[in-house]
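J.: What follows is a single structure, and I will ask about it in a moment.
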């Protein structure tokens, strides 16, 4: 059934008259050869329908108490058949149902497909009526020469998720596939329908001929039989005398009317209630009236998978305009809103009638220009698609199964009128034969049997739903963020039973499935005393803490319910194959050895494994953005232009001037006015690296050196996480200024741009001010984005490209810096003059570094113990298994091996520390504040969310978040945390020097572990390094050292005294001192 396809199929310019049928739609071709808009008034006359007039709208509002939907008010739903009959039944609270459908022709839908579903969702809410959605996969197979049965069945499952995303109430909605559901009572009605339609009728109605396969001819009976309540005994009962009286309301596009004209005729002959219809006009393609919106033409439609940028591009480039040819003509004559696609789309998406009228008046008068109209349209469509994508992400396979399960539905109808049901209330599937012949009433024994069977069915349903919940990671489907649906605290399965002779009495046997939304899981997993490790919800190194909006302290060991035998209610008996399915899709099958490891870790650390399992289903949330026009930017550097540059090599062969894949990237640059932000007086640039292929947009902020920018080196700074913004490093550690408690900018005399230009970048995508629908879930992928940014930036600013370049980062920067340096050096033809790498309190070698959590926490790191003797002993006991798991990860680099290592090791070595309330970034202090134990984090976040700051920087997201849990979780799912990054370092040392520095009061990436891995590193200079002696680090003129340094053959390790995880924060003068000495080459050899 194509009932919900409100798009305009391909036009037929050769036809003189408009032609509307279930398979093609074409507008009239005028004398000028142009296709005209569909004449809907003419369709009403030709099809014999009734116009939705003011009288019907007034009655609708009077009967329902609801203002008619904007689609009805604006003539988008323009025609009907017997809508008054449905209103009559609603007034009396007599049963009816809503029926619509979708012909699954592809695995995704566009906005033209969803408009009927949005309206149907509204009708379901207004009428509180049951809804039946038909997926006509059989039709799409029969009417296609190329599609296979398996292909269209697959499309059904994907389209079902799109439909669910409209926000339908599961308790009132049954979705079915023809291939899966046809049979039983439904098939009886199909046959009854088919017997009443001869071939001549089919030819007359649908235009079939001798070449049409008999499946096409027969399909009308399948689509028609769905309009009969008796086809669904699990919803309406088995008493055919009663179900025959229950009509349905069919919202559909007008081209589907021929099917239901035939259905209404057959219904009369079968003595079934005739279906009522309400017809929708088509949503034009971007190219305007009469154009085709096609799944095969990306430029014709806005697809529900499109990114915000793609939507903006499509509307700006392809949306047909009713504007005049010149600005002067537009101002004088105004535009034609009736043909302007942007205005037509606003009619669909904008709720406010007054605002819509204002826009039309200003556009048609010439006050508003086409670009302004398109900008408004872009904003509405972007929001619509973003909200849809967020809801769609929650529609898992388990949710689909629940919507498509044959089960009773619940509905109330008109709340002002007692039910006057003619329905024999619902029986459980498989009990249709229980009802007695004749009057349809139940004997006492039959009643007892039915009650028993339904109690068994209810318990079975509860178990199945609980299993589905567990398989979905603890997330039963809810539409917390749906604009249509309030958040539900539980999902109830209700079995309905009648008592003989009393059809209006109901017995309810409720069974509840508690609903855990992805957002609630994420909130519970946020730790205010420490950082969060991906989906494991355990503390990890780096800036990983997600900022809380409250002061609540959550433990990762208290996530979940309170089931017997576990504080969390975790039950590992839940089928591993089910809940691990999403990982298998990404990473392939699990080996028997890895499966055994998962089983073992589940017993050793069940709480964190449960939390990991729950978080698999957590959904990402798209950002709202400003959509700055291209004129906003001072420069846009196209990667395709740069990649097309060729030079002749020393060997005489032509080669690209710059290596690497760049054609999908752009860099936008905006010169920042220093007076607007007040961070520094030096020259500054902000902007974005755009990956147009994958819709990723990374924000950066460049500060020139305060000293000699023409000769000083350039440094790239990276904060960790993974998933935390480098704006934290800028304003809290080493940037030109900090933010105080009153939100004021305070200059930093020890900024790293004292003698170097510095680039701060928010990466990966969706960190800080970065945004996009694309994803990055491992360090290697992030490195390619960084290479592209630097290449295009230095191409635009060659004055910086000639300077020495250094890459520096902290925390998870222990991953980022080595891999990104390796990526840069892998390109022979580059404009990045990489001279060194700097890692501050980083995680680089988990196998070695986890060994030193116990000494650091138990008093062997130079500061008093934080942990007690029993906790220290437990760490000693856990170390062999932890290192064994990490070694397995090192050997295979498989997600199936690396994720268990992350879960187990973090629960055993970081979990006990975080429970103490001590600052994991500084063993000397208790946590203060709710954000990474530092109040400054909140001050920075508030500052970067100020409108004037965002405007001065030209950022596109409307909000700034310091850390992104979705990124963190993605890296977790790929096992990136435990990968042997240390193996890259020896190769780097053959080409550039590497500095590893560590504040000695940090626990999370402590100095003992960093010193140990540098001491144990196997590389060409290992012998010389092992013989090197520690030397004092002192400021000029100071007597007391601020640290110790050990260096040989390009590898340098520094212990910085009295500094925590963020060395420049605790020791600003010392940090700029060793930085300046490092970039000057003091320890380069």
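Numbering (full-length UniProt numbering), first residue to last: 1 to 1085. No residue lacks a Cβ here, since even glycine has one placed at the ideal position from N, Cα and C.
Is it buried or exposed, residue 236, if we count other Cβ atoms within 10 angstroms and call 16 or more buried?
T.: Buried: at least 16 other Cβ atoms inside 10 Å.
J.: Looking at chain D, is there any beta carbon in it that lies within less than 9 Å of the beta carbon of residue 170?
T.: Among the chains of the structure shown, chain D does not appear; only one protein chain is present.
J.: From the DSSP output, in three-state form, read off residue 337 for me.
T.: Of the three classes helix, strand and coil, the one that applies to residue 337 here is coil, per DSSP.
J.: Taking the continuous alpha helix (DSSP H) assigned at residue 221, which residues delimit it?
T.: Where residue 221 is concerned, the enclosing alpha helix (DSSP H) stretches over 214-225.
J.: At the level of alpha carbons, what is the spacing between residue 779 and residue 842?
T.: Roughly 14 Å separates the two Cα atoms.
J.: List the whole-angstrom C-beta distance separating residue 642 from residue 703, where the pair is believed to meet the contact cut-off of C-beta under 8 Å.
T.: No, residue 642 and residue 703 are not in contact; Cβ-Cβ is about 24 Å, not under 8 Å.
J.: If you reduce the DSSP assignment to three classes, tell me which class residue 691 lands in.
T.: Note: residue 691 maps to strand in three-state DSSP.
J.: Just to confirm before moving on: does the CB-CB distance between residue 130 and residue 199 stay below 9 Å?
T.: It is not a contact, given that the beta carbons lie outside the stated cut-off.
J.: Could you give the first and the last residue of the continuous beta strand (DSSP E) run that contains residue 842?
T.: Taken as a continuous stretch (DSSP letters only), the beta strand (DSSP E) holding residue 842 covers 834-842.
J.: Would the beta-carbon of residue 850 fall within 9 Å of that of residue 905?
T.: Cβ atoms of residue 850 and residue 905: closer than 9 Å.
J.: Determine the burial state of residue 214: buried for a count of at least 16 other Cβ atoms within 10 Å of its Cβ, exposed for fewer.
T.: Burial call: exposed.
J.: Run through DSSP, which three-state label would residue 810 get?
T.: Strand at residue 810.
J.: Would you call the region 40-57 and the region 95-115 in contact, with 3 or more CB pairs under 8 Å?
T.: Cβ pair count under 8 Å is below three, so no.
J.: Mapping the DSSP letters down to three states, classify residue 888 as helix, strand or coil.
T.: Helix.
J.: Per DSSP, what kind of secondary structure is residue 1031 in: helix, strand or coil?
T.: Strand.
J.: Rounding to the nearest angstrom, what Cα-Cα distance links residue 1027 and residue 945 in this structure?
T.: Going by the C-alpha atoms only, they are around 51 Å apart.
J.: By DSSP, does residue 121 sit in helix, in strand, or in coil?
T.: Residue 121: helix per DSSP, three-state reduction.
J.: For the region 737-812, which segments carrying the alpha helix (DSSP H) assignment without a break, of at least 4 residues, lie completely within its bounds, in sequence order?
T.: Taking only runs of at least 4 residues, the alpha helix (DSSP H) segments lying wholly in the region 737-812 are 779-796, 798-801.
J.: Do the region 764-776 and the region 681-698 touch if we need at least three Cβ pairs shorter than 8 Å?
T.: As far as the Cβ criterion goes, the region 764-776 touches the region 681-698, which means the pair count is three or higher.
J.: Compute the beta-carbon to beta-carbon distance between residue 275 and residue 227, rounded to the nearest angstrom, for a pair I have assumed lies under 8 Å.
T.: Contact flag correct, Cβ pair sits at about 4 Å.
J.: Once you ignore the five residues that flank residue 60 on each side, which residues in its own chain have a CB closer than 6 Å to its CB?
T.: 68.
J.: Can you grab the Cα-Cα spacing for the pair residue 18 / residue 31, in whole Å?
T.: Each residue's Cα considered, the two are about 14 Å apart.
J.: Does DSSP put residue 918 in a helix, a strand or coil?
T.: Strand.
J.: Can you list the beta strand (DSSP E) stretches of 3 or more residues lying completely in the region 121-155, in chain order?
T.: Those beta strand (DSSP E) runs which fall completely within the region 121-155 and span 3+ residues are 131-135.
J.: Mind checking residue 149: buried by the 16 CB within 10 Å criterion, or exposed?
T.: Answer is exposed; the Cβ neighbour count stays below 16.
J.: Between the Cα of residue 728 and those of 934, 191, 44, spot the shortest distance and give me the residue it belongs to.
T.: The shortest Cα separation from residue 728 among 934, 191, 44 belongs to 934.
J.: Evaluate contact between the region 660-675 and the region 630-647, counting only Cβ atoms and requiring at least three cross-stretch pairs below 8 Å.
T.: Yes, since at least three Cβ pairs between the region 660-675 and the region 630-647 fall closer than 8 Å, the two stretches touch.
J.: Tell me the DSSP bridge mates of residue 900?
T.: According to DSSP, which records beta bridges pairwise, residue 900 is partnered with nothing at all.
J.: Following the continuous beta strand (DSSP E) through residue 43, name the residue where it begins and the one where it ends.
T.: Element bounds for residue 43: not the beta strand (DSSP E) but the alpha helix (DSSP H), 40-47.
J.: Classify residue 894 as helix, strand or coil using the three-state DSSP reduction.
T.: In this structure, residue 894 counts as coil in the three-state DSSP scheme.
J.: In chain order, what residues of the same chain have a beta carbon less than 7 Å from the beta carbon of residue 258, not counting five sequence neighbours either side?
T.: Excluding sequence neighbours, residue 258 sits near 21, 22, 205, 206.
J.: Would you kindly work out how many angstroms separate the C-alpha atoms of residue 83 and residue 686, rounded to a whole number?
T.: Going by the C-alpha atoms only, they are around 58 Å apart.
J.: Quick check on DSSP: helix, strand or coil for residue 863?
T.: In the structure shown, residue 863 sits in coil (DSSP, three-state: anything other than H, G, I, E or B).
J.: Could you have a look at residue 80 and say whether DSSP puts it in helix, strand or coil?
T.: Strand, per DSSP.
J.: My output table needs one value for residue 113: the three-state DSSP class, helix, strand or coil.
T.: Helix at residue 113.
J.: Do residue 309 and residue 753 count as a contact pair if the criterion is CB distance below 9 Å?
T.: No, they are not a contact pair.
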